[in-house]
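What follows is a short report on a single structure.
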Amino acid sequence: MPGEVCLPRTLAPALLARVAARLAQHAGLHFPPQRWPDLERAIAAAGAELHADDPGAWLGRLQAATLSARELEALVCHATVGETYFFRDPALFDTLRDLLLAELLRTDGEPDRRLRIWSAGCCTGEEAYSIAMLFERVLPAAWREHVSVIASDINPRFLAYAEHGVYGAWSFRAAPAWVKHFFTRCRDGRFRIDSRLRERVRFFALNLAQEPYPPLPGGDGTVDIIICRNVLMYFEPRKAKEAVLRLRHRLCEGGWLFVSAAEMSNATFPGFETVAFAGALGYRRIERTRKPPSTGAARASGSMCAPVPVRQEPIVVQPVPRARAQETETAAQAARRLADEGNLGAALECCDRAIADDRLNEAHHYLRAVILRERGETEAAAAALQRALYLDPEFIMAHLTLGHLRVVQGRRQEALRHFAAAHDYASRLRPEESVAYSEGVNAGRFVQLVTAVRTSLASSVVGEERR
57 MPGEVCLPRT LAPALLARVA ARLAQHAGLH FPPQRWPDLE RAIAAAGAEL
107 HADDPGAWLG RLQAATLSAR ELEALVCHAT VGETYFFRDP ALFDTLRDLL
157 LAELLRTDGE PDRRLRIWSA GCCTGEEAYS IAMLFERVLP AAWREHVSVI
207 ASDINPRFLA YAEHGVYGAW SFRAAPAWVK HFFTRCRDGR FRIDSRLRER
257 VRFFALNLAQ EPYPPLPGGD GTVDIIICRN VLMYFEPRKA KEAVLRLRHR
307 LCEGGWLFVS AAEMSNATFP GFETVAFAGA LGYRRIERTR KPPSTGAARA
357 SGSMCAPVPV RQEPIVVQPV PRARAQETET AAQAARRLAD EGNLGAALEC
407 CDRAIADDRL NEAHHYLRAV ILRERGETEA AAAALQRALY LDPEFIMAHL
457 TLGHLRVVQG RRQEALRHFA AAHDYASRLR PEESVAYSEG VNAGRFVQLV
507 TAVRTSLASS VVGEERR
């Protein structure tokens with residue numbers, strides 16, 4: 057067919073692994089084997105664009121790893137996800153509205169400084185323009201000139217689309233009716249955003265996975281709020297953590313970072329405190345930099361549904377000899393220490409030694425899952441969590457972490473069930489009692505955070521079902 061490149065039906069695993077590694081190095085994008093079908097589609101689309109007349113040459117360049125800047129850009133463009141729409145997450149925008157109103161109350165309605173919001177990974181611009189429309193609707197006239205929106209993406213085609221500011225009806229599928237007041241209908245049935253709002257948003261190209269970041273447009277180099285949703289979930293865990301540290305550096309003291317429910321992880325967000333809003337969670341920058349927690353799991357989850365059944369083959373082991381108990385615990389402690397230091401390979405070896413000595417210890421399997429997750433081995437991490445849950449079906453943090461993994465894998469209904477189980481078991485604790493392996497979070501706080509994450513995730517599931 058025209059516009060297609062005739063590539064082999066299935067590309068060689070070695071080639072896909074090589075291309076995946078190149079994308080991870082350049083853009084932070086994570087393509088584990090379960091996402092290789094998506095990678096193959098991106099390779100085919102980039103080849104159709106640049107090498108339609110000679111697909112063999114395209115394969116040769118991929119195999120030799122000698123991609124030009126133009127070829128790499130095309131590959132990144134086709135490998136990035138472009139699914140978004142106006143006011144995609146109502147709970148998030150309600151939270152932004154409340155933060156803006158709190159700032160108005162603090163200043164008695166008189167602006168005493170500039171407020172800046174950064175949409176990092178803005179895709180085709182709907183999120184950034186939604187923020188600008190929120191400003192226009194909520195803030196008094198005296199404030200509107202003191203707030204600004206900047207928006208970045210790695211994909212230059214997305215940025216060109218955003219700067220053009222013309223959208224089809226599909227981009228309005230979840231937007232309130234008043235949003236259309238900021239648009240003019242074009243002859244072709246699409247809608248053009250008001251020029252005043254378009255000028256209020258400054259778009260710029262930025263690769264979140266590479267450092268150093270260039271100076272941000274305007275201002276003093278810092279912003280008050282960063283929204284980076286559904287971006288880090290496509291990064292390798294280590295790249296995501298590095299990107300978060302750079303984003304933190306661009307936040308003013310007390311500034312806010314908002315990510316999606318699938319991306320929340322204490323290990324990825326050192327130097328932040330987690331704050332629950334009605335239906336959303338935010339990370340607020342704190343000046344006391346925290347050491348990455350050894351559990352590496354996010355604080356969240358949600359609802360009072362029945363626990364998730366976990367099926368595993370029976371485990372048959374011999375009791376751990378007393379003489380080896382201390383050695384086993386020493387190996388587990390070493391695994392936690394090495395994981396905190398980022399030495400994940402050595403941490404996994406120590407953890408495996410601890411499990412070999414005591415296979416009935418659910419905490420060792422949980423620790424193994426956390427390490428595997430940080431290494432980007434999602435399926436292996438999920439298997440380790442299932443084994444931990446077989447040993448202890450009421451393991452709250454194992455349910456929570458497995459729920460987050462299922463969100464990343466696109467298995468959102470299953471994720472909701474695990475979040476529900478975590479919420480159920482946490483609700484049975486006294487509010488002041490700490491949730492095991494949560495780095496000291498008490499049950500009352502945990503339930504609040506879980507409820508907010510589950511509400512956000514449930515609303516996105518409903519939106520997908522309606523589409």
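Note that the sequence shown ends on residue 523 in our numbering; no numbers are left out. Heads up, the beta-carbon is just placed ideally off N, CA and C, and yes, glycines get one too. Model, not experiment: these values are computed from the prediction.
Exposure label - residue i; buried when at least 16 CB within 10 Å
{"i": "Arg510", "result": "buried"}
{"i": "His220", "result": "exposed"}
{"i": "Ser512", "result": "buried"}
{"i": "Trp312", "result": "buried"}
{"i": "Val506", "result": "buried"}
{"i": "Leu79", "result": "buried"}
{"i": "Glu96", "result": "buried"}
{"i": "His479", "result": "buried"}
{"i": "Arg429", "result": "buried"}
{"i": "Asp109", "result": "exposed"}
{"i": "Cys407", "result": "buried"}
{"i": "Leu157", "result": "exposed"}
{"i": "Ala121", "result": "exposed"}
{"i": "Ala410", "result": "buried"}
{"i": "Thr136", "result": "buried"}
{"i": "Gly103", "result": "buried"}
{"i": "His237", "result": "exposed"}
{"i": "Glu488", "result": "exposed"}
{"i": "Ser124", "result": "exposed"}
{"i": "Arg285", "result": "buried"}
{"i": "Thr386", "result": "exposed"}
{"i": "Thr240", "result": "exposed"}
{"i": "Gly112", "result": "exposed"}
{"i": "Arg468", "result": "buried"}
{"i": "Glu5", "result": "Residue coverage of the chain in this structure runs from 57 to 523, which leaves residue 5 outside it and unanswerable."}
Residue i versus residue j - alpha carbon distance
{"i": "Arg341", "j": "Glu298", "result": "15 Å"}
{"i": "Arg30", "j": "Glu292", "result": "No information on residue 30 is available, as it lies outside the stretch 57 to 523 that the chain covers here."}
{"i": "Ile173", "j": "Glu182", "result": "14 Å"}
{"i": "Ser208", "j": "Leu272", "result": "10 Å"}
{"i": "Arg424", "j": "Tyr446", "result": "15 Å"}
{"i": "Phe325", "j": "Arg294", "result": "12 Å"}
{"i": "Gly358", "j": "Gly459", "result": "The pLDDT assigned to Gly358 is 30, lower than 50, so where the model puts this residue is not dependable; a value taken from the coordinates is nonetheless given after this. Those two C-alpha atoms are separated by around 10 Å."}
{"i": "Leu67", "j": "Ile210", "result": "26 Å"}
{"i": "Arg486", "j": "Tyr422", "result": "23 Å"}
{"i": "Leu148", "j": "Glu319", "result": "15 Å"}
{"i": "Arg378", "j": "Asn417", "result": "Per-residue confidence for Arg378 stands at a pLDDT of 46, beneath the threshold of 50, marking its modelled position as unreliable; the derived number appears in the next sentence. Computed Cα separation, rounded: 14 Å."}
{"i": "Val17", "j": "Arg306", "result": "With the chain running from 57 to 523 in the structure shown, residue 17 is simply not present."}
{"i": "Glu329", "j": "Gly310", "result": "10 Å"}
{"i": "Gln81", "j": "Leu115", "result": "20 Å"}
{"i": "Ser490", "j": "Ile249", "result": "49 Å"}
{"i": "Arg144", "j": "Asp413", "result": "49 Å"}
{"i": "Thr244", "j": "Val132", "result": "According to the sequence displayed, residue 244 carries Asp and not Thr. Their backbone Cα atoms lie some 30 Å apart in a straight line."}
Near the ligand ADP: residue i beta-carbon under 7 Å from a heavy atom
{"i": "Thr330", "result": "Ligands in the displayed structure: none, and consequently the ligand ADP is not present."}
Host alpha helix (DSSP H) of residue i (start-end)
{"i": "Ala403", "result": "400-413"}
{"i": "Leu472", "result": "468-483"}
{"i": "Asp94", "result": "92-106"}
{"i": "Arg294", "result": "293-305"}
{"i": "Tyr446", "result": "434-447"}
{"i": "Glu127", "result": "125-135"}
{"i": "His82", "result": "69-83"}
{"i": "Val464", "result": "452-464"}
{"i": "Pro270", "result": "Counting along the chain, Pro270 falls outside any alpha helix (DSSP H), and DSSP gives it neither H nor E."}
{"i": "Leu115", "result": "111-120"}
Contact with chain D by residue i, beta-carbon distance below 8 Å
{"i": "Leu485", "result": "Among the chains of the structure shown, chain D does not appear; only one protein chain is present."}
C-beta atoms of residue i and residue j nearer than 8 Å
{"i": "Ala471", "j": "His455", "result": "no"}
{"i": "Cys179", "j": "Gly224", "result": "no"}
{"i": "Ile452", "j": "Ala419", "result": "no"}
{"i": "Ala188", "j": "Leu262", "result": "no"}
{"i": "Arg117", "j": "Glu127", "result": "yes"}
{"i": "Gly277", "j": "Phe314", "result": "no"}
{"i": "Ala265", "j": "Ala83", "result": "yes"}
{"i": "Trp226", "j": "Tyr141", "result": "yes"}
{"i": "Val257", "j": "Ala197", "result": "no"}
{"i": "Val497", "j": "Ala317", "result": "no"}
{"i": "Thr151", "j": "Ala336", "result": "yes"}
{"i": "Leu85", "j": "Tyr290", "result": "yes"}
Endpoints, beta strand (DSSP E) assigned at residue i
{"i": "Ile283", "result": "279-283"}
{"i": "Ala332", "result": "328-332"}
{"i": "Arg424", "result": "No beta strand (DSSP E) holds Arg424; the alpha helix (DSSP H) holding it covers 418-430."}
{"i": "Leu337", "result": "337-341"}
{"i": "Arg528", "result": "The question about residue 528 has no answer, for the chain in this structure spans 57 to 523."}
TODO: May I have a chain-ordered list of the alpha helix (DSSP H) segments no shorter than 4 residues that lie completely inside the region 233-259?
DONE: 251-256
Task: Unbroken stretches of the alpha helix (DSSP H), 4 residues or longer, contained in the region 179-229 - done: Whole alpha helix (DSSP H) segments, 4+ residues: 182-194, 197-200, 212-220.
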